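With our numbering applied, the sequence shown covers 36 to 341. Here a beta-carbon is modelled for each residue, glycine too, at the ideal position from N, C-alpha and C. None of the values given here were measured: they were computed from a predicted structure. Note sheet for the following structure.
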Amino acid sequence: MSRYLPASLAAFALLAGCAAAPASHTASTTASAAAPAAPASATAPVAAATPADDNLNATAWTQTALEHDLIYVQTYRDAQAHLLAALKDPRWDALPKEDRTTPLKGLKPAVVLDIDETVLDNSPYQARLVRSGGEFNEADWAAWCKEEKARALPGAVEFAQFAAKHGVAVIYLSNRAKDLDQATLSNLRKVGMPVAGPDAFLGLGTFVEGCEQAGSEKNCRRQRVGQHYRVLMQMGDQLGDFISIYGNTAAAREKAMAPYESWIGTRWFVLPNPTYGAWESALFNSDYTAPREQRRKQKIDALRID
36 MSRYLPASLA AFALLAGCAA APASHTASTT ASAAAPAAPA SATAPVAAAT PADDNLNATA
96 WTQTALEHDL IYVQTYRDAQ AHLLAALKDP RWDALPKEDR TTPLKGLKPA VVLDIDETVL
156 DNSPYQARLV RSGGEFNEAD WAAWCKEEKA RALPGAVEFA QFAAKHGVAV IYLSNRAKDL
216 DQATLSNLRK VGMPVAGPDA FLGLGTFVEG CEQAGSEKNC RRQRVGQHYR VLMQMGDQLG
276 DFISIYGNTA AAREKAMAPY ESWIGTRWFV LPNPTYGAWE SALFNSDYTA PREQRRKQKI
336 DALRID
């Protein structure tokens with residue numbers, strides 16, 4: 036996951052699921068002046084005391100739906116089933132063309148994994164925000180990461196250990212801030228993910244000589260990995276985990292992915308994340324300065340009804 040957007044790391048807005056019912060469904064039609072008054076014993080409809088949270092259903096599904104876990108297991112099993120064939124093919128490479136700056140010959144094999152919502156489950160942080168009615172902020176997010184309590188997502192540990200057992204390096208490429216390196220590596224080790232050393236984690240702010248990073252795009256770090264490894268697979272929950280997308284619009288996202296659709300399920304493995312991401316901010320032009328209700332309205336306006 037790419038976890039945050041280039042505009043700001045406050046791009047981890049949590050508006051993704053449970054829309055409030057229209058007012059016409061929650062309040063009775065206004066009576067005409069000529070209508071008789073309601074009996075004194077009648078109870079008037081009561082408006083919801085707590086506003087709906089757009090992230091409630093998304094977080095509840097992530098934490099409680101068996102389907103969520105089965106999708107992860109299925110994806111990682113599929114990746115494992117393809118891994119050895121990819122390892123044997125010296126021409127096999129999962130880096131996009133613009134990130135493959137070093138010839139493949141002689142390079143060691145590796146798989147590249149995003150961390151958040153790809154390897155580690157941060158839904159408890161989402162749940163805290165749903166319960167409090169808050170939104171993402173850097174301080175609370177960093178505090179959660181430093182708790183080192185995130186669990187491994189289903190299938191991730193088994194896949195990564197299988198890769199390491201067969202001599203494939205496991206590289207974690209994440210948009211967690213650089214000062215979260217040690218907490219992140221510790222959390223990964225706690226859940227059983229193989230960590231070869233500090234160089235196995237390339238967080239946001241990693242310097243790559245000769246490459247200028249734009250915002251939180253991962254292209255420079257992918258190029259750095261490609262200087263040392265033939266990348267057999269990439270795993271992530273955001274399109275930006277696989278390829279750079281400049282101009283976060285639906286059209287730009289589709290255009291960037293079009294040349295690589297045949298790679299899905301063989302070189303690239305995409306995992307579900309309904310709780311946050313570039314897909315959401317594309318619905319309101321990535322403008323996190325807009326009021327929460329305005330962003331919510333833009334998301335509702337984007338819904339198809341036919």
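First through last residue of the beta strand (DSSP E) which encompasses residue i
i    : result
W303 : W303 to V305
A87  : Unbroken run through A87: none, as it is neither H nor E.
D147 : Reading off the sequence shown, one finds Val at residue 147, where the question assumed Asp. Taken as a continuous stretch (DSSP letters only), the beta strand (DSSP E) holding V147 covers K143 to L148.
Distance CB(residue i)-CB(residue j) smaller than 7 Å
i    : j    : result
G190 : Y111 : yes
Q269 : T136 : no
A195 : V205 : yes
Q273 : G227 : no
A293 : L318 : no
A174 : V266 : no
L237 : L215 : no
T241 : V165 : no
P159 : A199 : no
V146 : V108 : no
T28  : L306 : With the chain covering 36 to 341 only, the question about residue 28 has no answer from this structure.
Y264 : L142 : yes
W303 : F277 : yes
Status (buried if at least 16 other CB within 10 Å, exposed otherwise) for residue i
i    : result
T324 : exposed
T99  : exposed
K225 : exposed
N320 : exposed
Q161 : buried
P144 : buried
H103 : buried
A172 : In the sequence as presented, Ala is not what sits at residue 172; that position holds Asn. By the neighbour-count rule (16 or more Cβ atoms within 10 Å), N172 is not buried but exposed.
R339 : exposed
P131 : buried
L105 : exposed
S67  : Confidence is the limiting factor: at S67 the pLDDT is only 36, short of 50, which leaves the residue's position unreliable and the question unanswerable from this model.
R126 : exposed
D149 : buried
A187 : buried
S316 : buried
A114 : buried
G275 : buried
Own chain partners of residue i with C-beta closer than 6 Å, once the 5 adjacent residues on each side are dropped
i    : result
A249 : none
N20  : Outside the displayed span of the chain (36 to 341) sits residue 20, for which this structure offers no information.
N254 : D134 and S279
C180 : L215 and A218
Three-state class that DSSP yields for residue i in the structure shown
i    : result
S297 : helix
N210 : strand
P138 : coil
Y264 : strand
S37  : Model confidence at S37 stands at a pLDDT of 42, short of 50, so the residue's coordinates are unreliable; what they give is reported in the following sentence. Here S37 sits in coil by DSSP.
M228 : coil
L119 : helix
A187 : strand
V205 : strand
L338 : coil
D128 : coil
G168 : coil
G245 : coil
Q273 : coil
S63  : Low confidence applies here, because S63 scores a pLDDT of 35, under 50, leaving its location unreliable and the question unanswered by this model.
P74  : Residue confidence is low: P74 scores 47 on pLDDT, short of 50, so the model does not pin down where it sits. Its coordinate-derived value is still stated next. The answer is coil: DSSP assigns P74 none of H, G, I, E or B.
Opening and closing residue of the alpha helix (DSSP H) in which residue i lies
i    : result
L239 : Segment F236 to L239 is the beta strand (DSSP E) holding L239; no alpha helix (DSSP H) there.
L91  : L91 to T99
A249 : It is not in any alpha helix (DSSP H) - A249 carries neither H nor E in the DSSP assignment.
S348 : Absent from the model: residue 348. The displayed extent of the chain is 36 to 341, so no value can be given.
K290 : A285 to M292
K253 : Element bounds for K253: n/a, residue is neither H nor E.
D151 : Run containing D151: none; DSSP gives neither H nor E here.
E173 : E173 to E182
Sequence-distant residues of the same chain with beta carbon closer than 7 Å to residue i, five excluded per side
i    : result
L239 : N210, R211, A212, K213 and S251
H117 : T301
Q333 : L318 and F319
T284 : A317
A235 : V205, I206 and Y207
Own chain, CB closer than 8 Å to residue i, minus 5 neighbours either side, in chain order
i    : result
I299 : V305
L139 : P125, R126, D128 and R265
E342 : The structure shown has nothing for residue 342, since the chain only spans 36 to 341.
V260 : L130, A145, V147, I206, L208, L237 and V266
Residue i Cβ short of 6 Å to the ligand FMN heavy atom set
i    : result
A231 : Inclusion of the ligand FMN in the displayed structure is not the case, the ligand content being empty and no account of it being possible.
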